[in-house]
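*Asks:* Throughout, the numbering used here is defined as the position within the sequence shown, counted from one, plus 18. Here's a structure for you.
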Amino acid sequence: MKRIHVVGKKNHGKTTLVADLVSELTRYGLQIGTIKHTHHHHELDTPGKDSYSHRLAGAKAVGILGPSMSAVFSPRDNLHMSEHDKYAHFVASMSFCDLIIVEGDTHTPAPKLEVWRSECGTVPLALEIDGISAIITDDEVEATVPRFSRSSLVDVIQWILTNHVHPKAIGPT
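Spelled out as C-alpha coordinates, the structure:
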(Lines of atoms letter the chains of each structure in order from A; the text may use other names.)
(Lines give C-alpha, C1' and ligand atoms only; values in the text may rest on other atoms or scores of the structure.)
Protein backbone atom coordinates (compact mmCIF):
# COMPACT_ATOMS: atom_id res chain seq x y z
CA MET A 19 0.00 0.00 0.00
CA LYS A 20 1.38 3.37 -1.01
CA ARG A 21 1.35 6.00 1.72
CA ILE A 22 2.54 9.60 1.81
CA HIS A 23 2.45 12.06 4.67
CA VAL A 24 1.61 15.75 4.46
CA VAL A 25 3.52 17.41 7.27
CA GLY A 26 4.21 20.90 8.49
CA LYS A 27 3.91 23.01 11.55
CA LYS A 28 0.60 24.31 12.91
CA ASN A 29 -1.38 26.64 10.61
CA HIS A 30 0.80 26.06 7.56
CA GLY A 31 -2.03 24.57 5.47
CA LYS A 32 -1.79 20.79 5.88
CA THR A 33 -5.52 20.13 6.05
CA THR A 34 -6.25 22.38 3.08
CA LEU A 35 -3.58 20.67 1.01
CA VAL A 36 -4.80 17.18 1.95
CA ALA A 37 -8.36 18.09 0.93
CA ASP A 38 -7.11 19.58 -2.36
CA LEU A 39 -4.97 16.50 -3.08
CA VAL A 40 -7.86 14.13 -2.39
CA SER A 41 -10.17 16.14 -4.63
CA GLU A 42 -7.70 16.22 -7.53
CA LEU A 43 -6.41 12.66 -7.23
CA THR A 44 -9.93 11.25 -7.28
CA ARG A 45 -10.40 12.99 -10.64
CA TYR A 46 -7.73 10.57 -11.93
CA GLY A 47 -9.94 7.66 -10.90
CA LEU A 48 -7.87 6.90 -7.81
CA GLN A 49 -9.34 5.58 -4.58
CA ILE A 50 -7.80 7.76 -1.84
CA GLY A 51 -7.84 7.09 1.89
CA THR A 52 -6.77 9.57 4.54
CA ILE A 53 -5.54 9.28 8.10
CA LYS A 54 -5.31 12.21 10.51
CA HIS A 55 -2.39 11.54 12.85
CA THR A 56 -2.51 13.16 16.27
CA HIS A 57 -0.31 13.17 19.33
CA HIS A 58 -3.31 13.94 21.56
CA HIS A 59 -5.23 11.26 23.41
CA HIS A 60 -8.84 11.26 22.21
CA GLU A 61 -11.72 9.03 23.20
CA LEU A 62 -13.10 8.44 19.73
CA ASP A 63 -15.85 6.13 20.93
CA THR A 64 -18.62 7.62 23.07
CA PRO A 65 -19.03 6.54 26.72
CA GLY A 66 -22.53 5.21 27.29
CA LYS A 67 -22.97 3.91 23.73
CA ASP A 68 -23.31 0.21 22.93
CA SER A 69 -19.99 0.13 21.07
CA TYR A 70 -18.25 1.59 24.11
CA SER A 71 -19.82 -1.09 26.34
CA HIS A 72 -18.58 -3.80 23.96
CA ARG A 73 -15.05 -2.43 24.26
CA LEU A 74 -15.22 -2.20 28.05
CA ALA A 75 -16.31 -5.84 28.09
CA GLY A 76 -13.05 -6.78 26.37
CA ALA A 77 -13.61 -6.56 22.62
CA LYS A 78 -10.29 -5.80 20.91
CA ALA A 79 -12.07 -4.08 18.02
CA VAL A 80 -15.59 -2.72 17.79
CA GLY A 81 -17.25 -1.89 14.50
CA ILE A 82 -20.17 0.36 13.77
CA LEU A 83 -21.96 -0.32 10.50
CA GLY A 84 -24.71 1.99 9.31
CA PRO A 85 -26.49 2.52 5.99
CA SER A 86 -23.92 5.03 4.72
CA MET A 87 -20.91 4.98 7.07
CA SER A 88 -18.85 2.54 9.07
CA ALA A 89 -16.11 2.82 11.65
CA VAL A 90 -13.88 0.52 13.65
CA PHE A 91 -12.59 1.45 17.09
CA SER A 92 -9.59 -0.40 18.43
CA PRO A 93 -7.79 0.59 21.63
CA ARG A 94 -4.18 1.63 21.28
CA ASP A 95 -2.94 -0.97 23.75
CA ASN A 96 -0.37 -1.77 21.09
CA LEU A 97 2.22 0.74 22.31
CA HIS A 98 4.91 -1.92 21.93
CA MET A 99 4.31 -1.99 18.15
CA SER A 100 6.55 -0.07 15.78
CA GLU A 101 5.00 2.87 13.96
CA HIS A 102 5.27 0.86 10.73
CA ASP A 103 3.29 -2.00 12.29
CA LYS A 104 0.68 0.40 13.67
CA TYR A 105 0.10 1.82 10.19
CA ALA A 106 0.07 -1.64 8.62
CA HIS A 107 -2.59 -2.73 11.10
CA PHE A 108 -4.64 0.43 10.60
CA VAL A 109 -4.53 0.66 6.81
CA ALA A 110 -5.65 -2.95 6.37
CA SER A 111 -9.18 -1.57 6.34
CA MET A 112 -8.14 0.72 3.48
CA SER A 113 -6.66 -1.99 1.27
CA PHE A 114 -8.94 -1.02 -1.62
CA CYS A 115 -7.32 2.42 -1.77
CA ASP A 116 -4.63 3.24 -4.32
CA LEU A 117 -2.99 5.77 -2.00
CA ILE A 118 -3.24 6.71 1.67
CA ILE A 119 -2.54 10.32 2.58
CA VAL A 120 -1.61 10.84 6.22
CA GLU A 121 -1.94 14.32 7.65
CA GLY A 122 0.89 14.70 10.13
CA ASP A 123 3.43 12.34 11.71
CA THR A 124 6.92 13.54 10.93
CA HIS A 125 8.62 10.64 12.71
CA THR A 126 7.41 7.53 10.89
CA PRO A 127 9.54 6.48 7.91
CA ALA A 128 7.48 7.30 4.80
CA PRO A 129 7.62 9.85 1.98
CA LYS A 130 6.71 13.28 3.35
CA LEU A 131 5.48 16.44 1.64
CA GLU A 132 6.04 19.50 3.80
CA VAL A 133 3.71 22.49 3.60
CA TRP A 134 5.53 25.65 4.68
CA ARG A 135 4.63 29.34 4.86
CA SER A 136 7.26 31.90 5.85
CA GLU A 137 4.60 34.23 7.24
CA CYS A 138 4.10 31.77 10.11
CA GLY A 139 7.60 32.64 11.33
CA THR A 140 9.02 29.13 11.49
CA VAL A 141 11.90 27.30 9.86
CA PRO A 142 10.96 24.59 7.33
CA LEU A 143 11.05 21.06 8.71
CA ALA A 144 13.11 20.13 5.64
CA LEU A 145 15.97 22.10 7.21
CA GLU A 146 15.53 20.44 10.63
CA ILE A 147 14.77 16.76 10.04
CA ASP A 148 15.53 14.02 7.55
CA GLY A 149 12.87 12.35 5.47
CA ILE A 150 11.16 15.28 3.78
CA SER A 151 10.68 14.30 0.12
CA ALA A 152 9.44 17.66 -1.19
CA ILE A 153 8.42 21.07 0.11
CA ILE A 154 5.30 22.91 -0.98
CA THR A 155 5.50 26.66 -0.56
CA ASP A 156 5.03 29.90 -2.44
CA ASP A 157 7.99 31.34 -0.52
CA GLU A 158 11.68 31.19 -1.32
CA VAL A 159 13.45 28.47 0.60
CA GLU A 160 16.87 26.88 0.27
CA ALA A 161 16.19 23.17 0.54
CA THR A 162 17.83 20.17 -1.08
CA VAL A 163 14.47 18.56 -1.93
CA PRO A 164 12.11 19.43 -4.79
CA ARG A 165 10.08 22.59 -4.21
CA PHE A 166 6.56 23.03 -5.56
CA SER A 167 4.44 26.15 -5.54
CA ARG A 168 1.31 25.86 -3.42
CA SER A 169 -0.49 27.76 -6.15
CA SER A 170 0.42 25.08 -8.73
CA LEU A 171 -1.29 21.97 -7.43
CA VAL A 172 -0.92 20.28 -10.83
CA ASP A 173 2.86 19.97 -10.30
CA VAL A 174 2.37 18.40 -6.87
CA ILE A 175 -0.19 15.97 -8.30
CA GLN A 176 2.14 15.00 -11.14
CA TRP A 177 4.99 14.36 -8.68
CA ILE A 178 2.72 12.15 -6.55
CA LEU A 179 1.46 10.24 -9.60
CA THR A 180 4.99 9.72 -10.90
CA ASN A 181 6.58 8.73 -7.61
CA HIS A 182 3.89 7.26 -5.37
CA VAL A 183 1.02 5.73 -7.36
CA HIS A 184 1.12 2.51 -9.37
CA PRO A 185 0.53 3.44 -13.05
CA LYS A 186 -2.23 0.82 -13.43
CA ALA A 187 -4.27 2.60 -10.77
CA ILE A 188 -4.57 5.81 -12.79
CA GLY A 189 -7.76 6.06 -14.82
CA PRO A 190 -8.85 8.62 -17.42
CA THR A 191 -9.05 12.23 -16.27
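Where a beta carbon is used, it is the ideal one built from N, C-alpha and C, also for glycine. Since we're looking at a predicted model, the values are computed, not measured.
For Thr-52, list the residues DSSP reports as bridge partners.
*Replies:* For the purposes of this step, residue 52 is taken as residue 34 along the sequence shown, with counting starting at 1. The partner list for Thr-52 (beta bridge, DSSP) reads Ile-119.
*Asks:* How would you write the range of the alpha helix (DSSP H) that Val-90 sits in, first residue to last?
*Replies:* Indexing the sequence shown from 1 puts residue 90 at position 72. Counting along the chain, Val-90 falls outside any alpha helix (DSSP H), though it belongs to the beta strand (DSSP E) covering 88 to 91.
*Asks:* Taking all protein chains shown into account, decide if His-23 is buried (16 or more other Cβ within 10 angstroms of its Cβ) or exposed.
*Replies:* In the sequence shown, counting from the first residue as 1, residue 23 sits at position 5. Within 10 angstroms of the beta-carbon of His-23 lie 16 or more other beta-carbons, which makes it buried.
*Asks:* For the alpha helix (DSSP H) that contains His-72, what are its first and last residues?
*Replies:* Taking the first residue of the sequence shown as 1, we reach residue 72 at position 54. It spans 68 to 74 - the alpha helix (DSSP H) in which His-72 sits, taken as one unbroken run.
*Asks:* Does the contact criterion of 3 or more C-beta pairs under 8 Å hold for the region 136 to 145 versus the region 79 to 91?
*Replies:* The answer is no - the region 79 to 91 does not touch the region 136 to 145, with fewer than three Cβ pairs under 8 Å.
*Asks:* Under 6 Å Cβ to Cβ from Ile-175, same chain only, skipping five residues before and after it: list those, please.
*Replies:* One-based indexing of the sequence shown puts residue 175 at position 157. For Ile-175, where only same-chain residues beyond five positions count, the Cβ hits under 6 Å are Glu-42.
*Asks:* I think Leu-48 touches Val-183, with their Cβ atoms under 8 Å apart; what is that distance to the nearest whole Å?
*Replies:* Here residue 48 corresponds to residue number 30 of the sequence shown, with the count starting at 1. Here residue 183 corresponds to residue number 165 of the sequence shown, with the count starting at 1. The pair is a contact, with the Cβ atoms about 7 Å apart (cut-off 8 Å).
*Asks:* Ignoring anything shorter than 3 residues, give me the beta strand (DSSP E) runs that lie fully in the region 114 to 162, in order along the chain.
*Replies:* Segments of the beta strand (DSSP E) lying fully in the region 114 to 162: 117 to 121, 130 to 133, 150 to 154.
*Asks:* Quick check on DSSP: helix, strand or coil for Val-109?
*Replies:* Indexing the sequence shown from 1 puts residue 109 at position 91. Val-109 falls in the helix class under three-state DSSP.
*Asks:* Only counting the same chain, and skipping five residues up and downstream in sequence, which positions put a Cβ closer than 7 Å to that of Ile-150?
*Replies:* Here the question's residue 150 lines up with position 132 in the sequence shown. Here the set comprises Lys-130, Glu-132, Leu-143, Ala-144, Val-163.
*Asks:* Applying the criterion that 16 or more other CB atoms from any shown protein chain within 10 Å of the CB defines a buried residue, is Leu-83 buried or exposed?
*Replies:* Start at 1 with the first residue of the sequence shown, and residue 83 comes out as number 65. Result: exposed.
*Asks:* What residues are listed by DSSP as bridge partners for Ile-82?
*Replies:* Residue 82 sits at position 64 when you count from the first residue of the sequence shown. Per DSSP, Ala-89.
*Asks:* Distance check for Asn-181 and Phe-166, CA to CA, integer angstroms please.
*Replies:* Counted from its first residue, the sequence shown places residue 166 at position 148. Counted from its first residue, the sequence shown places residue 181 at position 163. Counting only the Cα atoms, Asn-181 lies some 14 Å from Phe-166.
*Asks:* Sorted by chain position, which residues of the same chain lie with C-beta nearer than 7 Å to Val-159's C-beta, five sequence neighbours on each side aside?
*Replies:* Within the sequence shown, residue 159 is the residue found at index 141, counting from 1. So the list reads Trp-134, Pro-142, Ile-153, Arg-165, once near-sequence residues are dropped.
*Asks:* Taking Cβ to Cβ, would you say Thr-56 is nearer than 9 Å to Ile-50?
*Replies:* To locate residue 56, count along the sequence shown from 1; it is residue 38. To locate residue 50, count along the sequence shown from 1; it is residue 32. No, the Cβ-Cβ distance between Thr-56 and Ile-50 is not below 9 Å.
*Asks:* Leaving out five residues before and five after Phe-114 in sequence, what residues of the same chain have Cβ atoms less than 8 Å from its Cβ?
*Replies:* Within the sequence shown, numbered from 1, the residue matching residue 114 stands at position 96. Answer for Phe-114: Gln-49, listed in chain order.
*Asks:* Have a look at the DSSP bridge pairing and note the partners of Val-24.
*Replies:* Within the sequence shown, numbered from 1, the residue matching residue 24 stands at position 6. Paired residue(s): Glu-121, Leu-131.
*Asks:* Look at Ser-136 and Thr-155 and say whether their C-beta atoms are less than 9 Å apart.
*Replies:* In the sequence shown, the residue the question calls residue 136 occupies position 118. In the sequence shown, the residue the question calls residue 155 occupies position 137. The answer is yes: Cβ separation under 9 Å.
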